[in-house]
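Have a look at the structure below before the remarks.
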Amino acid sequence: MHEVPPNILDIESTPSSVAVRENQNINMTCRADGFPTPKIIWRREDGQSITVERKKKVMVYDGEVLHLTKLSRNEMGAYLCIATNGVPPSVSKRIILDVEFPNQLVGAPSGTDVTIDCHTEAHPRAIIYWVYNQVMVLPSKKYIIDYNENSYRAHMKLTIKSLSMGDFGNYRCISKNSLGETEGSIRVYEIPLPATPSKQVIIAEPKESKSQEIKSIEILHHRNSCRNE
Numbered sequence: 009m010h011e012v013p014p015n016i017l018d019i020e021s022t023p024s025s026v027a028v029r030e031n032q033n034i035n036m037t038c039r040a041d042g043f044p045t046p047k048i049i050w051r052r053e054d055g056q057s058i059t060v061e062r063k064k065k066v067m068v069y070d071g072e073v074l075h076l077t078k079l080s081r082n083e084m085g086a087y088l089c090i091a092t093n094g095v096p097p098s099v100s101k102r103i104i105l106d107v108e109f110p111n112q113l114v115g116a117p118s119g120t121d122v123t124i125d126c127h128t129e130a131h132p133r134a135i136i137y138w139v140y141n142q143v144m145v146l147p148s149k150k151y152i153i154d155y156n157e158n159s160y161r162a163h164m165k166l167t168i169k170s171l172s173m174g175d176f177g178n179y180r181c182i183s184k185n186s187l188g189e190t191e192g193s194i195r196v197y198e199i200p201l202p203a204t205p206s207k208q209v210i211i212a213e214p215k216e217s218k219s220q221e222i223k224s225i226e227i228l229h230h231r232n233s234c235r236n237e
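In terms of this note's numbering, the numbers along the sequence shown are unbroken and rise by one, the last being 237.
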């Protein structure tokens with residue numbers, strides 16, 4: 009029998025985009041035909057490790073079915089299944105895993121500062137900004153905005169100085185690129201002033217949009233995301 013290069017069977021494999029709630033499980037499947045029978049491996053596109061059997065971390069996973077348990081938002085992103093059988097070319101399929109989680113809350117006393125963070129992943133490059141009461145938040149004495157970018161990842165931090173009644177409410181981190189947009193939100197609410205006031209910090213991640221390849225926010229535009237740490 010003639011050698012046949014590998015071919016991924018989309019109809020028998022997990023779709024290119026899948027969403028799962030945080031702490032749930034998922035089986036991602038990648039099947040291929042060819043001769044000799046192809047070998048399937050999995051890896052994450054961003055180079056991060058894959059968590060299997062709950063605690064074991066591997067850079068590459070062998071097998072048609074990748075079983076992920078008790079998903080965390082850190083596992084959101086692009087996964088590649090690669091089929092090889094010694095007959096070129098090798099082929100791959102890209103699957104975007106979106107981990108869904110509730111809006112985030114942070115309590116802070118009046119008169120203190122609060123910092124909220126938004127982590128995003130996007131390709132093509134995204135425009136990222138904060139919105140409060142339907143108005144874009146701009147840098148000022150009231151709002152300190154820090155932004156760092158590395159390749160397709162970005163981290164935007166908003167510090168709200170000296171909280172007053174008008175500062176409590178819902179803050180949204182929005183990420184947009186040519187593929188679409190996604191957002192995540194944090195609700196800042198008032199709590200009684202503690203005996204020793206301290207700066208409050210929370211990390212948010214926008215939720216990945218299904219109309220784009222933007223990570224929740226953690227934001228992914230190969231999809232987008234805000235992460236709570």
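Glycine included, each C-beta is placed from N, C-alpha and C at the ideal position.
- Contact annotation: Asn93 and Glu191 have beta-carbon atoms that are not nearer than 9 Å.
- Each residue's CA atom was taken as its position, placing Ala27 and Glu108 some 7 Å apart.
- Between the stretch 111-118 and the stretch 127-134, the count of Cβ pairs shorter than 8 Å is below three; the stretches do not touch.
- About 4 Å separates the Cβ atoms of Thr167 and Ile152, confirming a contact at the 8 Å cut-off.
- A distance of 9 Å or more separates the beta carbons of Asp70 and Ile103.
- Of all alpha-carbon atoms in Arg52, Pro13, Ala134 and Asp54, the one lying nearest the alpha-carbon of Ser186 is that of Ala134.
- Rounded to the nearest angstrom, the gap between the Cα atoms of Gly119 and Ser193 is 22 Å.
- Membership of Val145 in any beta strand (DSSP E) is not indicated, and neither H nor E is assigned to it by DSSP.
- Non-local C-beta neighbours of Asn178 in its own chain, meaning closer than 7 Å and more than five positions away in sequence, comprise Ser193 and Arg195, ordered along the chain.
- Here Thr22 is not near Asn31, since their CB atoms are 9 Å or more apart.
- Assignment of Gly174 by DSSP, reduced to helix, strand and coil, places it in the helix class.
- When C-alpha distances from Glu83 are compared across Leu74, Lys184 and Lys47, the shortest belongs to Leu74.
- Shown here, Asn33 sits in coil according to DSSP, grouped into three states, outside any helix or strand.
- Following the DSSP letters along the chain, one finds Asn158 inside the beta strand (DSSP E) bounded by residues Tyr151 to Asn158.
- Closest in alpha carbon position to Leu17, among Thr45, Ser25 and Arg39, is Arg39.
- Around the beta carbon of Ile90, a 10 Å sphere encloses 16 or more other beta carbons of the protein chains shown; the residue is thus reported as buried.
- At least 9 Å separates the beta-carbon of Lys169 from that of Asp106.
- Under the three-state reduction of DSSP, Glu198 is assigned to strand.
- Taking the Cα of Ser98 as reference, the smallest distance to any Cα among Lys150, Thr45, Asp154 and Lys184 is reached at Thr45.
- Considered as a whole, the stretch 56-89 harbours 58-60, 64-66 and 73-76 as its complete beta strand (DSSP E) runs of no fewer than 3 residues, in chain order.
- In this structure, Leu76 places its C-beta atom within 9 Å of the C-beta atom of Asn33.
- With respect to Ile124, Lys184 sits apart: the two C-beta atoms are not nearer than 9 Å.
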